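One structure below.
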Amino acid sequence: MFVLIVGAGRVGSAVARSMLASGHQVSVLDEDPLSHERLDAGLDTTWEEAGGRFTVGHGIEIEALVEAGIEQADVFIASTNGDNTNLLISQIAQKKFQVRSVIARVMDPARADWYQEQGLRTISPTKVAIEMFEQALSEV
Amino acid sequence: MYVIIAGAGKVGWNLARELIGKGHEVTLLDNRRDRYLTIEQELEHAVQYGDATELWVLERAGIQRAELVIAVTGDDEDNMLICQVAKEKYLCDRVIARVNNPRNRQWFELLGVSPVVSATDLILRLIEHEVPSYGLVHLLDLRDEKLEIIEIEVEVGSPADGQAVSDISIPEGALIISVLRGGDGFVPKADTVIEGGDEVLLVLDPGLEERITQVFTTPPA
Chain A
1 MFVLIVGAGR VGSAVARSML ASGHQVSVLD EDPLSHERLD AGLDTTWEEA
51 GGRFTVGHGI EIEALVEAGI EQADVFIAST NGDNTNLLIS QIAQKKFQVR
101 SVIARVMDPA RADWYQEQGL RTISPTKVAI EMFEQALSEV
Chain B
1 MYVIIAGAGK VGWNLARELI GKGHEVTLLD NRRDRYLTIE QELEHAVQYG
51 DATELWVLER AGIQRAELVI AVTGDDEDNM LICQVAKEKY LCDRVIARVN
101 NPRNRQWFEL LGVSPVVSAT DLILRLIEHE VPSYGLVHLL DLRDEKLEII
151 EIEVEVGSPA DGQAVSDISI PEGALIISVL RGGDGFVPKA DTVIEGGDEV
201 LLVLDPGLEE RITQVFTTPP A
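In order, the protein sequence lines correspond to chains A and B.
If you read the first sequence in the UniProt record's numbering, its first letter stands for residue 1, the second for the next number, and so on.
If you read the second sequence in the UniProt record's numbering, its first letter stands for residue 1, the second for the next number, and so on.
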């Protein structure tokens, strides 16, 4: 599988490393060149030597998406720190590039739900945290 | 009319003031507290503090009864998503978005958000209008209505030069609506003779630009 991840923050880079370790092709796009360091963390070699790809650019720039390989991607993950950026670039991946599987990180639970109903797969860390807190509280 | 404006920068604030002056009911939204507090001194209850991309903020502002939503923040992603949610979730069929970076215009189209207003494009058109060497100038695009208004300078020796309006063979779907000559503009009649150096305004179906250009310019040597 070819996985394209936009946003190499803590979540994005961790998912990238674990996908690469499971034998998938992984390409990461981030506008901050320094975010590359986070991909190297915990690897014996560099990210590229381990087989990964890294592109510097913003996820709404078409050239950057193409350079990062969106046309070949089977999976698109939007994990930048901006909800609105993630929601937009996921729809670009879905509607313009027809990526088979698109997943967006959306902090705002209300919009995560609504966009999910509209056919976009969303993951809301806020919602997950709320559920875990509620679960923990019910066990007190 | 009830109008919600997202983004209380220069555009949003002045727009709110003008619309209120014309008797419309307006709610202006901004997520910057300092801006909200400043504007609240002038617009009072017509401005609300909050992130207009959040559903509860839109609902508090009364999006369900809004007849027009205008998204003019400095962030294109925000503007697109505010309009998308207004249209698709709250069924507000009239939305207008500002595009800050003209290269993002395609994404507004992808999401079905129109019309979009780009200050950069507007200034570019003014430049083209003031500096006529650009040839064909798009003055107004009515995208939904599939019409546009263009301006073009008539070159000496072009097929249209020296012809009466009724004799110029312009393609079906185009109409000459005015002539600018010597600093004045007028609406031509069928027997008005077009001269080289005139600027003509046409209303047309999109896609005819190239054929129109051939009528009013001479082929390159």
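Yeah, the Cβ is synthetic: ideal placement off N, Cα and C, and Gly gets one too.
Just so it is clear, the structure is predicted and the values come from calculations on it, not from any experiment.
In its own chain, which residues sit with a C-beta less than 6 Å from the C-beta of residue i, not counting the 5 before and 5 after it?
| i | result |
| --- | --- |
| Ala-73 (chain A) | Phe-2, Leu-4, Val-99 |
| Val-26 (chain A) | Val-3, Ala-16, Met-19, Leu-20, Gly-52 |
| His-36 (chain A) | Phe-54 |
| Ser-158 (chain B) | Phe-216, Thr-217, Thr-218 |
Within the 8 Å Cβ cut-off, does residue i reach chain A?
| i | result |
| --- | --- |
| Leu-91 (chain B) | no |
| Glu-109 (chain B) | no |
| Leu-55 (chain B) | yes |
| Leu-208 (chain B) | no |
| Leu-81 (chain B) | yes |
| Gly-78 (chain B) | According to the sequence as given, residue 78 (chain B) is Asp; it is not Gly. So yes, Asp-78 (chain B) belongs to the interface. |
| Glu-31 (chain B) | Before going further, note that residue 31 (chain B) is Asn rather than Glu in the sequence given. It does not; no Cβ of chain A falls within 8 Å. |
| Asn-104 (chain B) | yes |
Counting along the chain, where does the beta strand (DSSP E) carrying residue i start and finish?
| i | result |
| --- | --- |
| Phe-76 (chain A) | 75-78 |
| Gly-185 (chain B) | 184-186 |
| Arg-53 (chain A) | 53-56 |
| Arg-121 (chain A) | 121-123 |
| Arg-181 (chain B) | 174-181 |
| Gln-25 (chain A) | 25-30 |
| Asp-30 (chain B) | 25-30 |
| Glu-145 (chain B) | Taken as a continuous stretch (DSSP letters only), Glu-145 (chain B) belongs to no beta strand (DSSP E), as it is neither H nor E. |
| Glu-48 (chain A) | Run containing Glu-48 (chain A): none; DSSP gives neither H nor E here. |
With DSSP run on the structure shown, which of helix, strand or coil describes residue i?
| i | result |
| --- | --- |
| Leu-81 (chain B) | helix |
| Thr-38 (chain B) | helix |
| His-138 (chain B) | strand |
| Gln-48 (chain B) | strand |
| Val-165 (chain B) | helix |
| Asp-151 (chain B) | In the sequence as presented, Asp is not what sits at residue 151 (chain B); that position holds Glu. Three-state result, Glu-151 (chain B): strand. |
| Ser-101 (chain A) | strand |
| Leu-91 (chain B) | coil |
| Ala-16 (chain B) | helix |
| Ala-212 (chain B) | The sequence given here places Ile at residue 212 (chain B); Ala does not occur at that position. DSSP places Ile-212 (chain B) in helix when its eight states are reduced to three. |
| Val-113 (chain B) | coil |
| Val-99 (chain B) | coil |
| Leu-39 (chain A) | helix |
| Ile-5 (chain B) | strand |
| Val-66 (chain A) | helix |
| Val-5 (chain A) | The question names Val, but residue 5 (chain A) in the sequence shown is Ile. DSSP places Ile-5 (chain A) in strand when its eight states are reduced to three. |
Ignore the nearest five residues each way along the sequence and tell me which others in residue i's own chain have a CB closer than 8 Å to its CB.
| i | result |
| --- | --- |
| residue 230 (chain B) | In the structure as shown, chain B starts at 1 and stops at 221, and residue 230 (chain B) therefore has no counterpart that could be examined. |
| Asp-191 (chain B) | Ala-164, Val-165, Ser-166 |
| residue 174 (chain A) | One cannot answer for residue 174 (chain A) here, as it falls past the ends of chain A, which runs 1 to 140. |
| Asn-175 (chain B) | The sequence as given places Leu at residue 175 (chain B); Asn does not occur at that position. Answer for Leu-175 (chain B): Leu-202, Val-203, Leu-204, listed in chain order. |
| Ile-212 (chain B) | Leu-136, Ile-150, Ile-152, Ile-170, Pro-171, Ala-174, Leu-202, Leu-204 |
From residue i to residue j, what does the alpha carbon distance come to, in whole angstroms?
| i | j | result |
| --- | --- | --- |
| Ala-14 (chain A) | Ile-77 (chain A) | 12 Å |
| Arg-181 (chain B) | Pro-171 (chain B) | 23 Å |
| Glu-49 (chain A) | Ile-4 (chain B) | 52 Å |
| Val-75 (chain A) | Val-47 (chain B) | 42 Å |
| Val-56 (chain A) | Glu-77 (chain B) | 19 Å |
| Glu-67 (chain A) | Glu-139 (chain A) | 49 Å |
| Thr-126 (chain A) | Glu-54 (chain B) | 14 Å |
| Val-26 (chain B) | Asn-101 (chain B) | 26 Å |
| Val-11 (chain A) | Pro-220 (chain B) | 58 Å |
| Leu-39 (chain A) | Asn-84 (chain A) | 24 Å |
| Leu-202 (chain B) | Ile-60 (chain A) | 35 Å |
| Asp-108 (chain A) | Val-117 (chain B) | 28 Å |
| Glu-155 (chain B) | Pro-115 (chain B) | 33 Å |
I want to see whether chain B comes within less than 8 Å of residue i, judged by CB atoms only; does it?
| i | result |
| --- | --- |
| residue 189 (chain A) | There is simply no residue 189 (chain A) to check, as chain A begins at 1 and stops at 140 in what is shown. |
| Lys-96 (chain A) | yes |
| Ile-60 (chain A) | yes |
| Asn-81 (chain A) | no |
| Arg-105 (chain A) | no |
| Ala-112 (chain A) | no |
| Gln-91 (chain A) | yes |
| Thr-85 (chain A) | yes |
| Asp-108 (chain A) | yes |
Considering residue i, what are the terminal residues of the alpha helix (DSSP H) in which it resides?
| i | result |
| --- | --- |
| Ser-118 (chain B) | Premise fails: Ser-118 (chain B) is in no alpha helix (DSSP H) and is neither H nor E. |
| residue 141 (chain A) | Given a span of 1 to 140 for chain A in the structure shown, any question on residue 141 (chain A) remains unanswerable. |
| Asp-191 (chain B) | No alpha helix (DSSP H) contains Asp-191 (chain B), which DSSP labels as neither H nor E. |
| Val-69 (chain B) | Careful: Val-69 (chain B) lies outside any alpha helix (DSSP H), inside the beta strand (DSSP E) at 68-71. |
| Leu-55 (chain B) | 55-60 |
| Ile-70 (chain A) | Segment: none, Ile-70 (chain A) is in no alpha helix (DSSP H) and carries neither H nor E. |
| Val-15 (chain A) | 10-21 |
| Leu-87 (chain A) | 83-91 |
Tell me which residues share the same chain as residue i and place their Cβ nearer than 7 Å to its Cβ, disregarding the 5 neighbours each side in the sequence.
| i | result |
| --- | --- |
| Leu-142 (chain B) | Glu-148 |
| Phe-97 (chain A) | Ile-70, Glu-71 |
| Gly-173 (chain B) | Leu-204, Asp-205, Leu-208 |
Does the ligand GTP have a heavy atom nearer than 7 Å to the CB of residue i?
| i | result |
| --- | --- |
| Arg-17 (chain B) | The ligand GTP is not among the ligands present in this structure, which contains no ligands whatsoever. |
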